[in-house]
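Each residue of the sequence shown is one higher than the one before, counting from 91 in my numbering.
By construction, the Cβ of each residue, glycine as well, lies at the ideal position given by its N, Cα and C atoms.
Okay, structure first, notes after.
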Amino acid sequence: MLVKIEEIQEPGLELSKPIERKVLDEALRESEGFRLVAPGTLSVEFRKVSGQVHLTGDFEAQVVGPCRRCTRDVPVTVPVDFALRMVKELPKPDEDDEDERPAGPVKPSKKRKQQREDDEAAEAAASFELNEIDAEPFDGKTIDLDPIVREQVLLALPVTVLCREDCKGLCPTCGQDLNENDCGHSEKKDIDVRLAKLKDIKLKN
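Laid out in structure tokens, this is it:
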């Protein structure tokens with residue numbers, strides 16, 4: 091999902107688009123057993139601020155994940171809410187261009203000086219909160235939302251899920267789901283054979 095910077099006008103740009111299933115399927119391959127049910131719709135807003143692009147977005151993904159006790163699938167709604175600063179990548183210096191540069195300091199033109207002062211003023215006028223938002227590089231021409239969506243859904247996934255608070259889990263001996271049937275192993279106490287004879291010793295008063 092590509093957005094051209096030229097499409098972002100002064101008031102900003104708002105988009106609402108369905109997320110392609112393959113985008114989240116690819117992201118969830120890196121998760122701990124989560125699988126996608128429904129990808130949801132991405133709502134995103136773009137604003138140009140001081141040569142950067144401020145991006146805020148949100149969506150909900152429906153997934154299933156394994157219960158950490160009994161491993162059965164648990165449906166989970168994953169709300170995703172994010173804010174990013176898209177910062178243009180600086181071009182790498184070209185050695186040939188450096189050789190062709192004139193020696194000594196170059197005096198900036200009045201037009202360039204005024205432009206720089208305007209940029210500095212705009213930067214000072216921007217909200218200080220903008221600098222506290224995570225920054226991501228981009229090429230200055232387009233913003234690809236797919237890698238952003240993949241990263242954000244992984245960050246929003248819960249570490250673990252439970253099918254229910256009182257889930258009994260699996261029997262460590264036979265693997266039986268103890269929510270469905272009690273196999274009886276939990277009632278048997280394993281005794282170390284080296285200590286078996288001690289159970290017959292009677293303590294004298």
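Asked	Found
Give the single residue among Gly-259, Phe-172, Cys-157 whose Cα lies nearest to the Cα of Pro-165.	Cys-157
So, Phe-124 versus Gly-102, is the Cβ gap smaller than 8 Å?	no
Smallest Cα separation from Leu-132: which of Ser-121, Leu-145, Ser-140, Gln-99?	Leu-145
On the premise that Phe-136 lies in contact with Val-170, defined as a C-beta separation below 8 Å, what is that separation, rounded to the nearest angstrom?	Going by Cβ atoms, the distance from Val-170 to Phe-136 rounds to 17 Å, so no, they are not a contact pair.
Enumerate in chain order the residues of its own chain whose CB-to-CB distance from Leu-92 is below 8 Å, with the five nearest sequence positions on each side excluded.	Thr-232, Ile-233, Asp-234, Leu-235
Rounded to the nearest angstrom, how far is the Cβ of Val-143 from that of Ile-98, given a contact under 8 Å?	7 Å
When you compare only the Cα positions, how much space is there between Cys-323 and Gly-147?	For residue 323 there is no data in the structure shown, the boundaries of the chain being 91 and 295.
Alpha carbon to alpha carbon, how far is Cys-257 from Leu-105?	42 Å
When you compare only the Cα positions, how much space is there between Val-113 and Val-251?	23 Å
According to the Cβ coordinates, are Arg-175 and Ala-225 closer than 8 Å?	yes
Quick one: residues in its chain with C-beta nearer than 7 Å to the C-beta of Pro-227, no 5 flanking neighbours on either side, listed in chain order?	Val-177, Glu-179
Could you tell me if Pro-129 is buried or exposed, where buried requires 16 or more neighbouring beta carbons within 10 angstroms of its beta carbon?	buried
Please classify Arg-159: does DSSP put it in a helix, a strand, or coil?	coil
Provide the residue span of the alpha helix (DSSP H) that contains Pro-70, from first to last.	Nothing can be reported for residue 70: it is not among the residues displayed for the chain, which extend from 91 to 295.
Have a look at Ala-214 and Lys-138 and give me their C-alpha separation to the nearest angstrom.	At Ala-214, the pLDDT of 46 sits below 50, so the modelled position is not reliable and the matter cannot be decided from this model.
For Arg-240, which option in Glu-116, Lys-94, Lys-107 has the closest C-alpha, if you only look at C-alpha atoms?	Glu-116
Based on Cα-Cα distance, which residue from Gly-265, Glu-120, Pro-262, Phe-172 lies nearest to Val-249?	Glu-120
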